[in-house]
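Read the structure below first, then the notes.
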Amino acid sequence: MRKINLFFGFIFILLSWKNIPEPKYDLLIVNAKIVDVNQGKILSWKFIAINHDTIQLVGDMRKMGNISATKIVDAKNQYVMPGLWDNHVHFRGGEALAQENKNLLALYLAYGVTTVRDCGGDITPHLLGWRKEIKEGTLAGPTIFTSGPKLDGAKPTWAGSIRVLNQQDAEKALDDLQAIPSDFVKIYDGSLTSDAYLAILKEAKKRGLKTTGHMPLTTNILTAVDNGLNGSEHLYYVLKSCSPKADSLTKLNIGYQMMSTIANTYDPALAVQVYHHLAEKNFFVTPTLYIGQILAHVATDDHSHDALLPYIGKGIQATYAGRVENAKRAAKSATGDIHNKTEEVFGEMVKPMYDAGVTLLAGSDCGAFNSYTYPGEAIHGELKALVKSGLTPQQALQTSFVNGPKFFDKSASYGSISKGKLADIIFLKENPLANIQNIDSVQTVITKGKVYTQKDLNQMLAKIKN
Ligand SMILES: [Zn+2]
C-alpha cells in the first residue's frame, strides 16, 4: 500500500511538472525601444508583459522564453514611453457644455495624454461620472485627478467656485471638497483676501490636503509656502517675489497691474534665493508657458484655420471670444506690451528654477474659455516651450509623467515602464529624447488594458468632429 502511494505520488509530481502552465498575460508588447526618462537612455529590444492595467514584467527579447498572452502587440522598434500627464486642464462651461467637455477626452488620448489634473470647474458631478467610467473601462479617456470646485473670495471669478471669507468658510469649503472627494485644493485669487487665503492653507495642511493655484497678490509666495502651500499655477506669484519692488508694489494694492514693473525689475540673483527656498519645501510650479504665448498674440493671430478647431464643440468655441476681446482691449491701452515682457521673463525663470531643485509640472491650462489651447496638442506645446526655456527633452518629459504623480504621492504607480507601474503607455515613431518635436509622433496609446491604434484614435476623433 505504502509502495503504491509513493508510486502514484511520483507520477503526480511528474504530471504536475509537465503541466506547469506557461506564464500567460493579457497583453504582451514585443520589439519595444523603451524610453527611460530617468536615465535619459533608450533601452532597445524589450518586451513588456501586462495584466489588466498593470505592468507585470519587462525584459529582454532574447531572454523572453515561452511567454504567452491573450493579445500581442508588435511595437516594431518604435519608442515606448509612459503616457503623458497634462497637469493643468479644465473641464467647465456649465451643464450645457458637459457633452462638449466629454468629447475632449478623445483629443487627450489621441495626443498620448493618459492622465490629466483638472484644476477646477463647474461640472464636477459629470467629471466624477466620466472618471468612474474611464476607470471601469467603459469610456475611453485619460485618468482624471480633479480639484473639484475652485476656492475663491466673495465674488468668485469662475462659476461653481466655493466662497471663502474667513476661517469658518475655509473649514466648510474643505469639508465640501473632502466629501466629493477631490484630489487636491485649487485656490483662485478673483477676490480672495490674504487672511482667507492663509486660513485655507493652514486648514488644508492640518488635514493633509495638497494645495495649489493662484495667490492673492496682497500676499507673498514665501509666506504661503511656509504656511503649507504645495504648488503654484502659472509663474506670476513666483515672479513677484523675484523683484526687489515686490513689497512696495504690494502696498499700492493694484493687483496684476504691478506685473509690468515686477517683470522689468526681475532680479536673477534674488530669484535664485527664492527658488532655493521653494525647493527646500519640495514645492511644485506649473509654468504654463504655452498658453501664455498663445494668449500674448491672441488679439492678432488668426486661429480660424487651426487644424484642431473643428474638434472643439461650438459652445466651447464661443467661450474663446472673451480672452480675445480682453486682449484687443489691452493692446489698445498704454500698457499693451506688458504681456510680452512677462512672458519673456517667465521663459527666463524656468531653467534656474529647475537647477535650484524646484519640481516643475508640465501643464497646458487647456479647456473652455482658454482660447485656442487644444487638449492634447497644448501639452505637446508646453513640453516644447520648456525645452525652448533651457530644459533638455529628458527633463521636460519628466515634468509631465514623473513629476505629475509626485504631486499626488503616486510615484510608485507611475513614471516609468517597469514592473508594478500602471500600463499607461504610448508608442512614438521618433525618439523624443533626441528632439522634443518628436513628441508629435504618437502612434499607439495603451491605457486601462486597452490598445488604441492610430486607426482607433482617428475614428474617435472623427466622431467628435463638428
Ligand atoms: Zn487654469
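Going by the working numbering, the first residue of the sequence shown is number 834, and it counts up by one from there. All C-beta atoms, glycine included, are put in the ideal place defined by N, C-alpha and C.
**Q.** Nearest-angstrom Cα separation, counted from residue 1036 out to residue 1008
**A.** Translated into positions along the sequence shown, residue 1008 becomes position 175. Translated into positions along the sequence shown, residue 1036 becomes position 203. Cα to Cα, residue 1008 sits roughly 10 Å from residue 1036.
Q: Have a look at residue 986 and residue 1044 and give me their C-alpha separation to the nearest angstrom.
A: Start at 1 with the first residue of the sequence shown, and residue 986 comes out as number 153. Start at 1 with the first residue of the sequence shown, and residue 1044 comes out as number 211. Residue 986 and residue 1044 have their C-alpha atoms spaced approximately 16 Å apart.
Q: When you get a sec, list the residues whose CB is within less than 5 Å of any heavy atom of ligand 1, chain order please.
A: 952 and 1198
Q | Closest residue to residue 1072 among 1085, 1042, 1105 and 1062 (Cα-Cα distance) | A | Taking the sequence shown and counting its residues from 1, one reaches residue 1072 at position 239. Per the Cα distances, 1105.
Q: With a floor of 3 residues, list each beta strand (DSSP E) that falls wholly inside the region 1245-1269, ordered by position along the chain.
A: 1258-1261
Q: Report the three-state DSSP secondary structure of residue 872 (helix, strand or coil).
A: What you label residue 872 is simply residue 39 of the sequence shown in a count that begins at 1. Coil, per DSSP.
Q. Are there 16 or more other CB atoms within 10 angstroms of the CB of residue 974, so buried, or fewer, so exposed?
A. The sequence position of residue 974 within the sequence shown is 141, counting from 1. Residue 974 is buried by the Cβ-count criterion.
Q: Work out the CA separation of residue 1146 and residue 1204 for me, nearest whole Å.
A: On the sequence shown, residue 1204 is found 371 positions in, with the first residue counted as 1. On the sequence shown, residue 1146 is found 313 positions in, with the first residue counted as 1. Taking the straight line joining both Cα atoms gives about 13 Å.
Q. From the DSSP output, which residues share a beta bridge with residue 1220?
A. Against the sequence shown, residue 1220 aligns to sequence position 387. DSSP, once it has assigned bridges, lists no residue as partnering residue 1220.
Q. What runs of the beta strand (DSSP E), each 3 residues or longer, lie entirely inside the region 909-945?
A. As far as the region 909-945 is concerned, its whole beta strand (DSSP E) runs of at least 3 residues are 912-915 and 917-922.
Q.
My assumption, with CB atoms under 8 Å, is that residue 955 sits in contact with residue 981. Please give the rounded CB distance.
A. If you number the sequence shown from 1, residue 955 lands on position 122. If you number the sequence shown from 1, residue 981 lands on position 148. Wrong, their Cβ atoms sit about 10 Å apart, outside the cutoff.
Q: With DSSP collapsed to three states, give me the class of residue 1141.
A: The sequence position of residue 1141 within the sequence shown is 308, counting from 1. Three-state result, residue 1141: coil.
Q: Report, in whole angstroms, the separation of the C-beta atoms of residue 1133 and residue 1202, which I expect to be a contact under 8 Å.
A: Taking the sequence shown and counting its residues from 1, one reaches residue 1133 at position 300. Taking the sequence shown and counting its residues from 1, one reaches residue 1202 at position 369. 20 Å between Cβ atoms; not a contact.
Q: Under 8 Å by Cβ, that's how I've got residue 1197 and residue 1212 pegged, so tell me the actual separation to the nearest angstrom.
A: As a first step, residue 1197 is located in the sequence shown; it is residue number 364 there, counting from the start. As a first step, residue 1212 is located in the sequence shown; it is residue number 379 there, counting from the start. About 5 Å; that satisfies the 8 Å criterion.
Q) Which residue or residues does DSSP assign as beta-bridge partners of residue 1071? A) For this step, residue 1071 is matched to residue 238 along the sequence shown. According to DSSP, residue 1071 bridges with nothing at all.
Q) Can you tell me where the alpha helix (DSSP H) with residue 1081 in it begins and where it stops? A) Reading the sequence shown from its first residue, position 248 is the one you call residue 1081. In this chain, the alpha helix (DSSP H) harbouring residue 1081 covers 1079-1085.
Q. Between residue 1006 and residue 984, is the Cβ-Cβ spacing less than 9 Å?
A. The residue given as residue 1006 occupies position 173 in the sequence shown. The residue given as residue 984 occupies position 151 in the sequence shown. Yes; because the gap between Cβ atoms is below 9 Å, this pair is in contact.
Q. Would the region 866-881 and the region 1247-1260 be scored as touching if the rule is three or more Cβ pairs under 8 Å?
A. yes
Q) According to DSSP, what are the bridge partners of residue 884? A) The count along the sequence shown starts at 1 and reaches residue 884 at position 51. The partner list for residue 884 (beta bridge, DSSP) reads 887.
(Q) If I measure Cβ to Cβ from residue 1003 and keep anything under 7 Å in the same chain, skipping five residues before and after, which residues do I get? (A) Numbered from 1 along the sequence shown, position 170 holds the residue referred to as residue 1003. Excluding residues within five positions, the ones whose Cβ falls inside 7 Å are 997, 1029, 1032, 1033 and 1036.
Q | Cβ-based neighbour list, residue 1382, same chain, cut-off 8 Å, excluding 5 preceding and 5 following | A | No statement about residue 1382 is possible, as the shown extent of the chain runs from 834 to 1299 and does not include it.
Q) Should the region 1256-1267 be regarded as contacting the region 1215-1231, the criterion being three or more beta carbon pairs within less than 8 Å? A) yes
Q) Exposed or buried, which one is residue 921 when buried takes at least 16 other CB atoms within 10 Å? A) As a working note, residue 921 is residue 88 in the sequence shown. Buried: at least 16 other Cβ atoms inside 10 Å.
Q: Tell me the start and end of each unbroken beta strand (DSSP E) in the region 970-998 that is at least 3 residues and wholly inside, in chain order.
A: DSSP runs (the beta strand (DSSP E)) wholly in the region 970-998: 976-979.
**Q.** Whole-angstrom C-beta distance between residue 1060 and residue 1074, which should lie under 8 Å
**A.** Position 241 of the sequence shown holds residue 1074. Position 227 of the sequence shown holds residue 1060. That belief does not hold up - the Cβ atoms of residue 1074 and residue 1060 are roughly 14 Å apart, past 8 Å.
Q. Can you tell which of 1000, 1097, 1162 and 1209 has the C-alpha that lies nearest to the C-alpha of residue 1177?
A. Position 344 of the sequence shown holds residue 1177. Measuring from the Cα of residue 1177, the nearest candidate turns out to be 1097.
Q. Taking the C-alpha atoms as reference points, what is the distance between residue 1165 and residue 989?
A. As a position in the sequence shown, residue 1165 is number 332, starting the count at 1. As a position in the sequence shown, residue 989 is number 156, starting the count at 1. Near 27 Å, if we compare the C-alpha coordinates of residue 989 and residue 1165.
Q. How would you label residue 1180, buried or exposed, when you count the other beta carbons within 10 angstroms and need 16 or more for buried?
A. Residue 1180 sits at position 347 when you count from the first residue of the sequence shown. Label assigned to residue 1180: buried.
Q: Compute the Euclidean distance between the alpha carbons of residue 1022 and residue 1047, then round it to the nearest angstrom.
A: Walking along the sequence shown from the start, residue 1022 turns up at place 189. Walking along the sequence shown from the start, residue 1047 turns up at place 214. When rounded, the distance between both Cα atoms is 6 Å.
Q) Is it right to say residue 885 is buried, meaning 16 or more other beta carbons lie within 10 angstroms of its own, or is it exposed? A) Your numbering for residue 885 matches position 52 in the sequence shown. So residue 885 counts as exposed.
Q. So residue 1284 is in the beta strand (DSSP E); what residue range does that whole segment cover?
A. On the sequence shown, position 451 is the one that residue 1284 refers to. Where residue 1284 is concerned, the enclosing beta strand (DSSP E) stretches over 1283-1285.
Q: List in chain order: all unbroken alpha helix (DSSP H) runs of 4+ residues lying wholly within the region 996-1020.
A: 1000-1012
Q) Between residue 1256 and residue 875, which are expected to be in contact by the criterion C-beta below 8 Å, what is the C-beta distance as a whole number of angstroms? A) Locating residue 1256 in the sequence shown gives position 423, where the first residue counts as 1. Locating residue 875 in the sequence shown gives position 42, where the first residue counts as 1. Not really, about 19 Å apart at Cβ, beyond 8 Å.
Q. Who are the Cβ neighbours of residue 1100 in its own chain at under 7 Å, not counting the five residues just before and after it?
A. In the sequence shown, residue 1100 corresponds to position 267, counting from 1. These residues qualify, in order along the chain: 1075, 1076 and 1077.
Q. Helix or strand or just coil, what does DSSP make of residue 1112?
A. Stepping through the sequence shown from its first residue, residue 1112 is reached at position 279. If DSSP states are grouped into helix, strand and coil, residue 1112 belongs with the helices.
Q. Alpha carbon to alpha carbon, what distance is there between residue 1114 and residue 849?
A. Here residue 849 corresponds to residue number 16 of the sequence shown, with the count starting at 1. Here residue 1114 corresponds to residue number 281 of the sequence shown, with the count starting at 1. For residue 849, the predicted structure reports a pLDDT of 47, less than 50, and the residue's modelled location is therefore unreliable. The matter cannot be settled from this model.
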